[in-house]
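Taken in sequence, the protein lines are chains A and B.
The numbers in the working numbering rise by one with no breaks, and the one at position 62 of the first sequence is 73.
The numbers in the working numbering rise by one with no breaks, and the one at position 205 of the second sequence is 206.
The beta-carbon is built from N, C-alpha and C at its ideal position, and this holds for glycine as well.
Small disclaimer: the values here were computed from a predicted structure and weren't measured.
Input: a single structure, listed below in C-alpha cells.
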Amino acid sequence: MQRAIQALATVQHTVISMAAAALLALPIITAYDVTLRYIFHAPTVWATEISIYLLQFAVFMTPGALLASGHHLRVTFWIENRTGMTRRIAEIATTLAVLPYAGILIWYGTAYAVRAFDRGMLAPTLLETPLWFIYAMVPIGGVLLILGVILRCYLLAKGKKLDGNRIDVETNI
Amino acid sequence: MISGTVIIILLTVLLVCLIFGVPIAFSLGLAGAATIVAASGIPFLIQVPLTLQRTLADPVMLAVPMYILMGEILYRGKVGQQLFEVANVWVGRMRGGTGVSAVSAFTFFAAIVGSSMASVLTIGRIALPEMEKAGYSKRLSYGLSAVGGSLGILIPPSIPLIIYASLASVSPAQLFIAGLLPGILIAALLAAWAMFAAPPTRNMNTAAWSARKALRTTWRALPDLSLPVIVLGGIYTGIYTPTEAAGIGVILSLLLTVVLRRSLSLKDLPGVLIVATRHSASLLAIVAGALILGSALTLIGLPQFLAKTVMEAGVEPWVVLLIMMVTWTILGFFLEVISIILITVPVFVPIAVALGFDPLWFGILMVLNMELAVITPPLGMNLFALKAILPDEKIEVIIRATLPSLAIVLTVLVLVWIFPDIALILTRF
Chain A
12 MQRAIQALAT VQHTVISMAA AALLALPIIT AYDVTLRYIF HAPTVWATEI SIYLLQFAVF
72 MTPGALLASG HHLRVTFWIE NRTGMTRRIA EIATTLAVLP YAGILIWYGT AYAVRAFDRG
132 MLAPTLLETP LWFIYAMVPI GGVLLILGVI LRCYLLAKGK KLDGNRIDVE TNI
Chain B
2 MISGTVIIIL LTVLLVCLIF GVPIAFSLGL AGAATIVAAS GIPFLIQVPL TLQRTLADPV
62 MLAVPMYILM GEILYRGKVG QQLFEVANVW VGRMRGGTGV SAVSAFTFFA AIVGSSMASV
122 LTIGRIALPE MEKAGYSKRL SYGLSAVGGS LGILIPPSIP LIIYASLASV SPAQLFIAGL
182 LPGILIAALL AAWAMFAAPP TRNMNTAAWS ARKALRTTWR ALPDLSLPVI VLGGIYTGIY
242 TPTEAAGIGV ILSLLLTVVL RRSLSLKDLP GVLIVATRHS ASLLAIVAGA LILGSALTLI
302 GLPQFLAKTV MEAGVEPWVV LLIMMVTWTI LGFFLEVISI ILITVPVFVP IAVALGFDPL
362 WFGILMVLNM ELAVITPPLG MNLFALKAIL PDEKIEVIIR ATLPSLAIVL TVLVLVWIFP
422 DIALILTRF
C-alpha cells in the first residue's frame, strides 16, 4: 500500500515538474518569436500554437496534483470551524465530491478525443497537429484527478494535516 | 429554456460545494455540469471538453501564467527595494515622504506585474518597516499598503483586465489604457492621504538632500525602472501584444534578477517555477471550472434572459449598475477576484451592453470593485498578504486598520461612475 501511495505521489510530483517546465518554455518561445518577427521579419509558424498546447497541458494535467497537496483555492470558513474527526470526515467528503467532475472529464473527454481520432481531425494550422493528441489531455487530466483524490483521501485518513489549501499567502493572484 | 428548477439546481450545487469547502474550481465545474444535465440532458455534457478546449485555445490566456511567473521572479528577486529607494530619495524628505515613496513604488510595481498580492508582498515588505520607523499609524501604513497593492490589478498590465478582455471581447490594450487614469487617481489620493496623515516630526530621512545621490540612486535602479517602460511601451506602440509583453517581461525579469542584480540564483529558479506553476494552475483550474459554468449559463440563455428582462422592466440603468456592484461586493466577501470575474462577466456584460454602457468603462468599474474585494474580509487577498509580512500582527487588527482606506477606492469608483471619461478619455487618442 505504502509503495502504491508513494508511486501516486511521484506521478503527481512529476506532472507538476513537467508543468513548471512548460511554464518556463512559454516566455522563451514568446520572446524568440517576437525577436524573429522584429529583427529578422520571419515569425515562426509554431510559437503560438505550441504555447497554447503547453498552457493546456499545465491546466488539464495539474488539478490532481494540486488537490493532493491542498493548493486549490477554496472557501474555508465552514471547514475551518470543524475539528478532530469531524474535520477529517468533512475534508474527505469534499475531496470525494470532486469525483463526478473527474468522471465527466474522463468520459466525455475520451468521447471527444476518440471522435477527433476517428475523423482524422487536424489543427487548422500549418503544423496540422492531430487533434486527438491534444484533446486526450482532458481525460488524462481526469484520471490524474482521480489519482489525486485517492492520494489526498489516504493522507487525510492517515491524519496528515493538508491545510495548504487555505489561501496560500504567497499566491500572487 | 430558462426554468426555475434549473436555476435552483445551479445555485444549490454551487453554494453547497462552495460553503462546504470543495475547491472553487470544482464547485464551478460541478454547478455547470449539473445545470447542463438539468437543462438539456446528460448527452450535452460533451459541451464540457468542447468548451475547455475552445476557450483555453485563446492566446490571451497565455498572459496569465507568464505575468504570475514574472511577479514571482520580481518578488523573490527583491526588485521592490530598488523601486522604493528611488522614490524615497526623491520624495522621502517631504511630510509623509515615506508613505508617498511607498505609494510611488506600489504604482511603479503595478505597472510591471498584473497582480495585487505580488505588489503587497514585494513592496509592502520593504515599505511597512520604513513607515513604522517613521512613526506612521497602523491605519495609515496598512491602508497605504493594502490599497497601494491593489493597484496591481488596475494599473496595466493586469491579469483581471486580461481575463475580462477575453470574456467581453474587447481589446486588452484599450482596456489597459482605460485603467491608467483611475489607477493614477487612486495613487494620487493615497499620496495626499500620506502627506495629510503622516506625523510631521518623525521623518527619518534627515540627511541633507543631494542631487548627486538622488541621480546616482536613480541610475542604479534604471534597469528596474525601465521594466514597465519596456513592457507597457511595447504594448502601446504596437510592437507586441499584451501576451507577448508578458513573455518579454519574464525574460527581462530573469536577466535583471539572475544576471544583473544576482538577487536570485539559478539554484532558486526551480523553486520559483514550482510556486508560479502552482499559482497559475490553481488559477487556471478556476478559469476552466468557470468556463463550464459559463457554457451552462449560455446554454440555458440566462444572460440573454436577464438582459431582456431588465430592458423590458424599464429599470433605470444606474439601478441595474448598482445591483451589479452590490453583487460584486457580496461575492467579494467569499470568492477571489478571478472567480468573481469569470462567474459574473458572461452574465453582466450582455446586460451592460444592452443598457448602452461602454464595455471598457464597465470593465474598469468592475476592477475597481475587485479592488474593494481584495481589501475586504473575510477573503481579502491583500489582507492575507499583509498578514504574511506581519506574522505577529493579528488579522483582526490588520482588517480594522485597513477598513478606512476603502474610502479612497470608493471615492474613485464613484468618480469613474459619474465621469466615465476618467477611464475613457485616453482610449480616444
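{"Check": "Among all the DSSP beta bridges, which residues are the ones paired with A:L158?", "Outcome": "Per DSSP, none; premise fails for A:L158."}
{"Check": "Looking at the structure shown, is A:L137 part of a helix, part of a strand, or coil, going by DSSP?", "Outcome": "coil"}
{"Check": "Which value, in whole angstroms, describes the spacing of the CA atoms of B:V350 and B:P360?", "Outcome": "7 Å"}
{"Check": "Counting only Cβ pairs nearer than 8 Å, list the residues of chain B close to A:W143.", "Outcome": "Ordered by position in chain B, no residue passes the 8 Å Cβ test against A:W143, which lies about 11 Å from the chain."}
{"Check": "At the level of alpha carbons, what is the spacing between B:I365 and B:F177?", "Outcome": "9 Å"}
{"Check": "Tell me the rounded alpha-carbon separation between B:V148 and B:L162.", "Outcome": "17 Å"}
{"Check": "Give me the subset of the region 13-45 of chain B whose CB atoms are less than 7 Å from a CB atom of chain D, sorted by chain position.", "Outcome": "Of the chains in the structure shown, none is chain D; the protein chains are A and B."}
{"Check": "Please identify, using Cβ separations under 8 Å, the residues of the region 230-249 of chain B that lie next to chain A, in order along the chain.", "Outcome": "I240, Y241, T244, E245, A247, G248, I249"}
{"Check": "Use the C-beta contact count for B:Y237: other C-beta atoms within 10 angstroms, 16 or more gives buried, fewer gives exposed.", "Outcome": "exposed"}
{"Check": "At the 8 Å Cβ level, is A:Q23 part of the contact set with chain B, yes or no?", "Outcome": "no"}
{"Check": "Whole angstroms is fine: what's the gap from B:V415's alpha carbon to B:I293's?", "Outcome": "33 Å"}
{"Check": "Using the beta-carbon of each residue, which ones in chain A are nearer than 7 Å to B:F335?", "Outcome": "V86"}
{"Check": "Pick helix, strand or coil for A:I178, following the three-state DSSP scheme.", "Outcome": "Low per-residue confidence applies at A:I178: pLDDT is 34, beneath 50, and the placement is therefore not dependable enough to give any value."}
{"Check": "Just the C-alpha distance for A:R48 and A:E60, rounded to the nearest angstrom, thanks.", "Outcome": "16 Å"}
{"Check": "Is the shortest distance between the beta-carbon of A:Y123 and the beta-carbons of chain B less than 8 Å?", "Outcome": "yes"}
{"Check": "Go ahead and pull the three-state DSSP assignment for A:M12.", "Outcome": "coil"}
{"Check": "Check whether the Cβ of B:A166 lies closer than 8 Å to any Cβ atom in chain A.", "Outcome": "no"}
{"Check": "If distances are taken between C-alpha atoms only, which option among B:A247, B:I74, B:G22 comes closest to A:I90?", "Outcome": "B:G22"}
{"Check": "So A:G120 contacts chain B; which residues on that side make the cut at Cβ distance below 7 Å?", "Outcome": "P50"}
{"Check": "Please classify A:F144 as buried or exposed, where buried requires at least 16 neighbouring CB atoms within 10 angstroms.", "Outcome": "exposed"}
{"Check": "Whole-angstrom Cβ separation of B:L29 and B:I287, contact assumed at under 8 Å?", "Outcome": "7 Å"}
{"Check": "Compute the Euclidean distance between the alpha carbons of A:I40 and A:I63, then round it to the nearest angstrom.", "Outcome": "11 Å"}
{"Check": "Cβ of B:L57 within 8 Å of Cβ of A:L66?", "Outcome": "yes"}
{"Check": "Closest by CA to B:I339, which one among B:L407, B:A189, B:A289?", "Outcome": "B:A289"}
{"Check": "Can you pull the chain A residues whose beta carbon is under 7 Å from the beta carbon of B:S281, in chain order?", "Outcome": "L34, A69"}
{"Check": "Scan the region 54-80 of chain B for residues whose Cβ lies nearer than 7 Å to a Cβ of chain A and list them as they occur along the chain.", "Outcome": "Q54, L57, A58, P60, M62, L63, P66, M67, I69, L70, G72, E73, Y76"}
{"Check": "If you compare alpha carbons, which of B:L303, B:A246, B:W319, B:T258 is closest to B:P60?", "Outcome": "B:A246"}
{"Check": "Hey, how far is the Cα of B:L285 from the Cα of A:V70?", "Outcome": "6 Å"}
{"Check": "Count the other CB atoms within 10 Å of the CB of B:R221; is the residue buried (16 or more) or exposed (fewer)?", "Outcome": "exposed"}
{"Check": "Please classify B:G239 as buried or exposed, where buried requires at least 16 other C-beta atoms within 10 Å of its C-beta.", "Outcome": "exposed"}
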